[in-house]
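2 protein chains.
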Amino acid sequence: MARPPAHSVDETAVGAPPARRIDRGLLPTLLGYELRRTQSAVFADFAATFAAAGETLTPGEFGLLVLVERNDGMSQMALARALGIDRSTLVPILDRLQARDLLVRRRSPTDARTHALGLTAEGEQAVARFTRLVKAHEKRIASGLSAAETRLLIELLEKVRTAARSL
Amino acid sequence: MARPPAHSVDETAVGAPPARRIDRGLLPTLLGYELRRTQSAVFADFAATFAAAGETLTPGEFGLLVLVERNDGMSQMALARALGIDRSTLVPILDRLQARDLLVRRRSPTDARTHALGLTAEGEQAVARFTRLVKAHEKRIASGLSAAETRLLIELLEKVRTAARSL
DNA sequence: TATTGTTATACTCTATAACTATA
DNA sequence: TATAGTTATAGAGTATAACAATA
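Just so you know, the sequences run in chain order A and B. The C-terminal residue of the first sequence carries number 167 in the UniProt record's numbering, and the numbering is unbroken. The C-terminal residue of the second sequence carries number 167 in the UniProt record's numbering, and the numbering is unbroken.
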């Protein structure tokens, strides 16, 4: 069976003109779909918040920095596990943060195979600044919700995460 | 100021042994963080559901196929806008789906610049199969929630998306 | 002139496999 | 043997800039 090349155009005529309004069918009733769309909008708000303050950071980098700050001396393996990513994925991310002088790989006193991760003084200061921006961002994305609704939302998300975890 | 090379190791000794339990600090109180973690777990459940059925599909591809099915003849620009991605990003995604014979780029009868996107017969059948798998996946991730809680969660997510949109 | 789809390019996130040093 | 970090590599998702065809 010969297959047409990529982005070939089917020459069969078609009658329907382009749809005016987009019909999303069942998608808006799907938790996974709404989760993905919301997460995408929240990511954009995060980026815009940091860009407006002249800072560059992704949500993932923020989470990583907080983890290292709260768990000084942790290994790359422990960090990768906490982030749910492969240890090889972590390497270039740490390289970048280290190049920005926010983080250091120190010698572990107990196991020469591991690195003891830690923030630099500059990293500590940066995390303090970043935390203020994150709080402003959080306030904005939760602005349509009461405090009780925000807590409820987080609870419901945790329940979904637990159910999804039990594969 | 000379900067050490990537993944250099700081020779300053450090006393703290690796932390036993991970301290996540303020992260679990952040909507953005919980959203990201939940979305990641849901994505993994989606992938596992499809893999277990011998099918290969991402949530993004499912959303795209449903959009094309419900809006037959739509252009690539319209689809890119509906998905919130750049038109250039869409090209290789459509190439892949077209190579799998699920989707076709047809000639538009009204505007030779555009393609009228549509599903093949095989694509229609596949979407029917995929929809059954998605429903099973949705049932699993929502298994910790009542029907009312699921609806509420979707409502709260929409409110967050709206607030994040208004940048 | 403006729009659509494509290409070239680049960057990030993700993984697997194999290598080195160490335990 | 097993573990930690690194490298090489590859695939997917994302974007911008420039181009050809068409409006």
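By construction, the Cβ of each residue, glycine as well, lies at the ideal position given by its N, Cα and C atoms.
- Message: For A:E69 and A:T110, what's the separation of their Cα atoms in angstroms?
- Response: 20 Å
- State the DSSP-derived secondary structure class of B:L26, mapped to helix, strand or coil. Three-state DSSP puts B:L26 in coil, outside helix and strand.
- Query: When DSSP labels each residue in this structure, what does B:L83 get in the three-state scheme?
  - Reply: helix
- Relative to the C-alpha of A:S8, which residue among B:P92, B:H137, B:R140 is closest? Nearest to A:S8 by C-alpha distance, out of B:P92, B:H137, B:R140, is B:P92.
- Task: Output, in chain order, the set of chain A residues within a Cβ distance shorter than 7 Å of B:F46.
- Result: G32
- Out of A:L31, A:R140, A:T58, state which residue places its alpha-carbon closest to the alpha-carbon of B:Q39. Considering only A:L31, A:R140, A:T58, the residue with the shortest C-alpha distance to B:Q39 is A:L31.
- Message: Please report the distance separating the alpha-carbon of B:L90 from that of A:A112.
- Response: Whole-angstrom Cα-Cα distance: 47 Å.
- Query: Is there a Cβ from chain A that is less than 8 Å from the Cβ of B:Q125?
  - Reply: Not closer than 8 Å to any Cβ of chain A, the Cβ of B:Q125 fails to qualify, so no.
- Message: Quick check on the burial criterion: 16 or more other C-beta atoms within 10 angstroms. Buried or exposed for B:D45?
- Response: buried
- Secondary structure of B:G15, DSSP reduced to three states: Note that B:G15 has pLDDT 41, beneath the 50 cutoff, so the model's placement of it is unreliable and no number is given.
- Task: Can you give me the Cβ contacts of A:V160 inside the same chain, cut-off strictly under 6 Å, excluding the 5 residues immediately before and after it?
- Result: none
- May I have the straight-line CA-CA distance separating B:F130 from B:A142, to the nearest angstrom? 18 Å
- Task: Pull up the distance between the alpha-carbon of A:Q117 and that of A:Q98, whole angstroms please.
- Result: The sequence shown places Leu at residue 117 of chain A, rather than the Gln named in the question. Roughly 10 Å between the two C-alpha positions.
- Item | CB of residue 192 of chain B within 8 Å of CB of B:T114, strictly | Residue 192 of chain B is absent from the model: chain B starts at 1 and stops at 167.
- Comparing the C-beta of A:A148 with each C-beta of chain B, is any distance below 8 Å? no
- Message: Give me the chain A residues within the contact set of B:D91, using Cβ-Cβ distance strictly less than 8 Å, ordered along the chain.
- Response: Note that residue 91 of chain B is Val in the sequence shown here, rather than Asp. Result: H7.
- Which residues in chain B sit within 7 Å of A:R37, going by Cβ to Cβ distance? R161
- Task: Pull up the CB-CB distance for B:R24 and A:L67, whole angstroms please, since I reckon it's below 8 Å.
- Result: Indeed they touch by this definition, with Cβ atoms about 7 Å apart.
- What is the residue span of the beta strand (DSSP E) that B:H115 lies within? 115-119
- Of all Cβ atoms in chain A, is any one closer than 8 Å to the Cβ of B:A13? Below a pLDDT of 50, predicted positions are generally treated as unreliable, and B:A13, at 46, falls in that range; no measurement from the model is reported.
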